[in-house]
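Chemist: Below is a structure I'd like to ask you about.
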Amino acid sequence: MANHEQTGIGTAWAVILTLLLAIILRAGLESFIPAIIGGRSFRQLWEAGPPTKETYVRICQMVVFLILLARFYWGAYRFNQEHPMDLTTGVAILNMTGTFGLFALFYVIGLNVWTLDLFYVSILVMHLFDFLWFLLALLNLKDGAPLLKPIKWFIAWDVLTVIVYISLSWFLWNGFWSGADLSLQVSLLVVLSSVSFLDWWVLRDFYFYPTTERPQPPKAAATARAARS
């Protein structure tokens, strides 16, 4: 019965998060496509000459936005899918608030995907919010819960991102708001994409295998077979 309930909860969250994903993608595309094309034909785009360095950076921002959205969408889905069934009302409200708050911030990021300043500020705020959510979630998990490891890594990625943000801003702040110097933007895009791929690699079992399907160490697998027999 528990497995059926867990599957049902996972399906419900998949539907909810897919709707949120569609809304956020629409916001990002509506911010990006008109700005880069602006109603011009292919010939007009060709005659306009090569894109500026700012345009290239904005295109990279859109790519990183999609990478972050895929990472946080799947992370939120797997987190809510695998959370223990015996939720208290307070923890359920926390997770719902965290999920919807996170994707509300992604909507703001999508609206600012063409900017060279607010895009990065919004991502920083999103990571701070994500850190607070998972810190509170960690405090409400029991010892030995399967989600302990993923949540600790989520918190570590958020802390790492914020520290790198602050460090890079300290050295590369000049020209950030005006867009005159794009060193900070480029550096942050590299960091954000690198952390995302590192997260997928370190937590690949969590992201791509439900608990019941994850590869088990030889001793654990032998114990499970013995218990079934």
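Following our numbering, the numbering of the sequence shown begins with 214 at its first residue and continues without gaps.
Every residue, glycine too, gets a C-beta built ideally from N, C-alpha and C.
1. Taking DSSP as the reference, what is the three-state secondary structure of residue 394?
2. Leaving out the 5 sequence neighbours to the left and right, which residues in its chain are closer than 7 angstroms to residue 381 when beta-carbon positions are compared?
3. Report yes or no: is there a C-beta of chain B within less than 9 angstroms of the C-beta of residue 338?
4. According to DSSP, simplified to helix, strand and coil, what is residue 388?
5. Report the three-state DSSP secondary structure of residue 434 (helix, strand or coil).
6. Within the chosen definition, does the stretch 315-326 reach the stretch 365-380 through at least 3 CB pairs nearer than 8 angstroms?
7. By the three-class DSSP mapping on this structure, what secondary structure does residue 296 have?
8. State whether the stretch 303-318 contacts the stretch 335-350, with contact taken as three or more CB pairs (one from each stretch) at a distance under 8 angstroms.
Modeler: To lay it out plainly:
1. Taking the sequence shown and counting its residues from 1, the one referred to as residue 394 is at position 181. Coil.
2. Translated into the one-based positions of the sequence shown, residue 381 becomes position 168. So the qualifying residues of the chain are 397, 400, 401.
3. No chain B appears in the structure shown, which is made up of a single protein chain.
4. Here residue 388 corresponds to residue number 175 of the sequence shown, with the count starting at 1. In this structure, DSSP gives residue 388 a state outside helix and strand, which the three-state scheme calls coil.
5. As a working note, residue 434 is residue 221 in the sequence shown. Low local confidence applies: a pLDDT of 47 at residue 434 is under 50, so the model's placement there is unreliable, with the coordinate-based value given in what follows. In this structure, residue 434 counts as helix in the three-state DSSP scheme.
6. Judged by pairs of C-beta atoms under 8 angstroms, the stretch 315-326 does not touch the stretch 365-380, as fewer than three such pairs exist.
7. Residue 296 sits at position 83 when you count from the first residue of the sequence shown. In the structure shown, the three-state DSSP call for residue 296 is coil.
8. Taking 8 angstroms as the limit for Cβ pairs, the verdict is that the stretch 335-350 does touch the stretch 303-318.
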